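Protein chains in written order, with this note's numbering: chain A, 1 to 134; chain B, 1 to 485; chain C, 1 to 445.
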């Protein structure tokens with residue numbers, strides 16, 4: 001169990017209220033889950049990834065993450081078409097625990113509404129939200 | 001530590017079946033061959049099955065050793081909340097094993113199976129009497145299958161009135177099988193929150209209930225061990241809005257001889273023979289989950305039903321509105337025989353006493369431990385009580401760690417992390433078959449564990465150390481499942 | 001009462017600690033409107049000895065071996081169970097333990113179930129088997145629900161020669177949903193018509209039972225191909241797993257899910273239950289599989305151990321999105337099956353299967369000579385159908401007086417087949433028994 005002040009929360013990503021993060025990189029938006037989410041879930045054992053080419057709206061479920069004792073649905077922080085999925089997660093789901101913002105990225109999408117990124121929280125707002133939760 | 005049962009072990013290692021044995025060994029007495037071999041077409045003949053070859057001695061040593069790695073009710077106290085791990089009477093085993101019962105083919109002519117048909121009819125009557133309900137089906141093989149049956153009965157009832165409501169209310173304290181069973185029947189479970197007293201309020205049910213709602217599933221007493229005091233008002237409300245009420249009777253052990261289920265208005269209830277009625281859990285099953293219904297649901301009960309005519313018993317399929325079958329035959333008859341034997345051995349007075357003592361035991365534990373552990377609902381409980389790890393969490397010791405350490409003291413841990421509405425829940429159900437001595441030892445162990453949480457928390461995080469195995473790497477098991485060899 | 005240990009003094013002391021004056025006060029939270037008005041009206045309690053007398057009397061009314069010779073199958077089979085198996089099964093630690101959620105003190109159950117999963121996988125030719133379901137019928141229904149989930153299709157094609165009770169259970173499970181069941185008709189030879197599949201492209205599964213209800217072995221390879229042509233899953237069910245000691249396994253012939261009744265493997269018939277729902281599939285479908293699974297792992301000290309795994313499929317975690325609602329299963333019966341298979345070993349399992357078939361063929365030949373021929377010209381295992389002259393039902397009833405149950409009438413299951421009877425012979429019948437059956441029938445014809 002991590003304390004709030006122990007959490008890793010990079011400045012260069014935006015956060016959704018259900019703990020996904022989105023980071024624009026060139027023309028694509030990379031999506032993953034925050035350090036808080038992976039700590040809450042515990043050892044991650046399985047990730048259900050969407051098909052490449054699938055289209056989702058903001059807030060739509062695009063996959064699931066499973067630990068030994070829990071399942072969490074993954075919801076799109078922004079709308080878009082899935083162009084890449086992180087196949088490494090099939091062999092090594094623990095990447096989500098070890099490196100949730102780098103090697104543990106989940107999907108890369110072509111955002112259909114780039115403005116939606118601004119509606120997400122920055123690090124300070126997300127941290128405030130987390131403090132409110134506990 | 002030396003005064004507690006968990007002291008040393010006589011734990012021998014034992015390999016997997018195919019790691020022992022030798023080709024050519026056999027543990028079975030092959031019956032005498034007295035007919036000629038009949039030719040078999042090569043196109044359908046298969047390989048000899050790849051099953052390990054062991055002698056009878058190998059077999060007996062193997063399973064005897066494996067059994068010593070298990071903790072059972074016969075080993076010690078097993079206070080698993082909502083499981084009702086009461087003593088399993090041995091005479092019940094004897095009755096179920098009688099040749100006339102154990103060797104009976106289910107499709108015997110009815111005139112040649114009167115004994116078991118009578119046992120089934122009488123058991124139905126007993127369960128109807130105990131619950132106050134009108135009719136019973138013994139067919140469901142487990143509580144969850146009883147729940148599915150109840151869902152199908154409710155569905156059939158609405159259909160018969162040309163209604164197809166799509167939702168079902170499920171309290172936040174419900175056992176996971178409740179929403180799963182509702183979903184299997186095509187209902188969308190709608191959660192209803194319990195109030196700050198830990199029970200359902202009429203207001204929250206009223207808010208959730210609409211024309212699209214088929215009804216509500218209620219566990220009473222609920223999984224917090226509390227009696228749903230607003231039950232009758234809730235039932236009336238649901239009925240008034242066209243819904244039916246399903247009762248999950250898993251916790252019936254608290255109210256035998258006290259609660260009249262029918263007069264609460266509940267339309268259908270399931271019972272767990274492997275909980276309330278003492279049949280053994282067998283390492284996970286088999287059990288039985290009979291359903292009891294009020295008159296208006298009787299026409300929809302599964303078939304076949306045992307009927308009586310001129311003093312003889314027969315099986316009948318002649319129930320045109322029946323939901324059909326849930327089992328290839330009649331359900332787990334072997335389990336029914338055990339429950340029947342239990343009820344015949346106890347009688348009404350002792351069954352009521354069992355509930356009274358179960359509730360007394362739980363309250364005794366609650367009062368004895370509430371200074372040590374955080375009690376989220378400091379109210380009279382029924383047959384089980386729920387604590388949390390809040391006081392111990394300050395030492396970074398969790399419910400899980402305390403449960404694991406309790407094993408070193410010689411007890412099976414209570415239910416942990418359920419119900420979900422309580423964080424770090426520790427649900428303790430002693431049952432009536434634990435004596436004051438055993439309870440006092442359990443209480444002393446729990447207090448010792450709490451002390452260790454404060455003074456030596458790492459001991460708990462490394463626990464258990466005494467049983468056959470230490471904590472398992474569950475993440476590895478789930479990431480790279482190895483489920484057969 | 002010997003199961004209620006409290007003395008009056010203890011009760012008094014405990015009431016004090018609990019903070020109440022009497023037992024009745026413990027129920028203060030039970031409102032009047034939920035209470036019984038009187039005591040339960042149940043028979044007076046029996047002593048252990050009276051209970052024995054009662055139950056023995058009831059048991060004596062049942063027509064069972066050795067007094068009776070019962071030649072019936074149809075989903076429940078009489079087989080010898082070694083006493084060593086019954087003895088080991090009765091060990092307290094197996095009988096009175098719970099589901100192995102705390103692996104450190106349940107390694108007995110966990111290793112035994114892992115072994116069961118392995119033996120079942122090997123017998124059926126599949127990659128993974130679960131820790132049991134209730135019975136063959138519910139396992140069959142769950143298999144088709146699983147196929148629907150995997151393929152996202154709503155229609156299943158099932159052989160009309162699957163045990164009619166299994167088909168009834170399937171329809172009950174499918175009842176409230178929009179899932180559709182189409183039956184595949186049968187052929188004159190007692191097998192299912194592989195050309196009788198519906199034309200549609202939206203089949204989730206094609207299912208057959210082998211040996212089927214008539215006891216005939218189906219052409220599984222052919223059906224596997226038909227299923228593949230339709231992109232449907234191939235489901236094989238069974239009521240008599242002993243047959244796979246002799247015939248090619250369903251897994252080896254292309255089955256995607258294999259499920260059925262395991263009662264023949266060391267479990268008493270017990271008037272139809274508890275039995276054993278056996279369920280096996282391919283690893284690629286494992287996350288869609290219902291039921292508990294035991295996996296191998298290591299503990300903190302690096303020692304091999306076993307634990308329940310992939311629990312996120314199950315109801316206690318996934319709730320309404322679980323692969324099934326099953327919680328309590330038939331674990332103790334799975335243990336019986338594992339012990340039975342372990343006691344036999346591969347070669348003896350084969351010999352026992354062969355013996356079942358040979359004795360059954362012996363009866364088939366003898367009945368044919370007496371004029372009761374088998375109308376279905378397909379290979380069978382230990383049960384088969386014969387066509388009897390009209391009036392045979394009267395003979396069959398008279399044979400009860402001789403303590404013989406001569407087969408089961410097929411007409412309650414298949415109304416278009418009057419005078420057809422399903423006979424089953426297992427290793428429990430001697431040649432003398434079989435000869436006597438035939439001569440008694442002949443005498444009455």
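We put the CB at the ideal spot given by N, CA and C, even for glycine.
Remember, it's a predicted structure, so these values are computed and weren't measured experimentally.
On the three-state DSSP scale, how would you describe residue i?
i: residue 62(B); result: helix
i: residue 229(B); result: coil
i: residue 405(B); result: helix
i: residue 241(C); result: helix
i: residue 38(A); result: helix
i: residue 368(B); result: helix
i: residue 189(B); result: strand
i: residue 155(B); result: helix
i: residue 46(C); result: coil
i: residue 146(B); result: helix
i: residue 282(C); result: coil
i: residue 423(C); result: strand
Does the CB of residue i have a neighbour CB from chain B at under 8 angstroms?
i: residue 47(A); result: no
i: residue 93(A); result: yes
i: residue 61(C); result: yes
i: residue 74(C); result: yes
i: residue 68(A); result: yes
i: residue 27(A); result: no
i: residue 43(A); result: yes
At the 8 angstroms Cβ level, is residue i part of the contact set with chain C, yes or no?
i: residue 292(B); result: no
i: residue 330(B); result: yes
i: residue 163(B); result: no
i: residue 263(B); result: yes
Determine the direct distance from the alpha carbon of residue j to that of residue i, and round the result to whole angstroms.
i: residue 486(B); j: residue 121(B); result: Only positions 1 to 485 of chain B appear in the structure, and residue 486(B) is not among them; the question remains open.
i: residue 328(B); j: residue 69(A); result: 34 angstroms
i: residue 146(C); j: residue 289(C); result: 7 angstroms
i: residue 124(C); j: residue 182(B); result: 32 angstroms
i: residue 437(C); j: residue 242(C); result: 24 angstroms
i: residue 179(C); j: residue 155(C); result: 6 angstroms
i: residue 336(B); j: residue 255(B); result: 21 angstroms
i: residue 388(C); j: residue 419(C); result: 5 angstroms
i: residue 432(B); j: residue 4(C); result: 7 angstroms
i: residue 39(C); j: residue 453(B); result: 47 angstroms
i: residue 348(C); j: residue 122(C); result: 15 angstroms
i: residue 126(C); j: residue 254(C); result: 9 angstroms
i: residue 29(A); j: residue 2(A); result: 28 angstroms
i: residue 440(B); j: residue 365(B); result: 8 angstroms
i: residue 368(C); j: residue 443(C); result: 15 angstroms
Closer than 8 angstroms, CB to CB, is residue i near chain A or not?
i: residue 368(C); result: no
i: residue 311(C); result: yes
i: residue 470(B); result: no
i: residue 318(C); result: yes
i: residue 124(B); result: no
i: residue 240(B); result: no
i: residue 479(B); result: yes
For the ligand GDP, is there a heavy atom less than 7 angstroms away from the beta-carbon of residue i?
i: residue 157(B); result: In terms of ligand content, the structure shown is empty, and the ligand GDP therefore cannot be addressed.
contact_flag[the stretch 134-142 of chain B, the stretch 283-293 of chain B] where n(CB pairs < 8 angstroms) is 3 or more: The stretch 134-142 of chain B is in contact with the stretch 283-293 of chain B.
Ordered list of alpha helix (DSSP H) runs contained in the stretch 50-115 of chain C, each at least 4 residues: 83-89, 92-95
At least 3 beta-carbon pairs within less than 8 angstroms: the stretch 349-367 of chain C vs the stretch 133-144 of chain C: Contact annotation: the stretch 349-367 of chain C does not touch the stretch 133-144 of chain C, with fewer than three C-beta pairs closer than 8 angstroms.
The stretch 179-194 of chain B contacting the stretch 364-384 of chain B, beta-carbon criterion three pairs below 8 angstroms: no
Runs of alpha helix (DSSP H) lying entirely within the stretch 342-388 of chain B, each at least 4 residues, in chain order: Listed in chain order, nothing qualifies, since the stretch 342-388 of chain B has no complete alpha helix (DSSP H) run of 4 or more residues.
Runs of alpha helix (DSSP H) lying entirely within the stretch 41-96 of chain B, each at least 4 residues, in chain order: 56-67, 90-96
Entirely enclosed alpha helix (DSSP H) segments - the stretch 92-141 of chain B, minimum 4 residues: 99-102, 114-131
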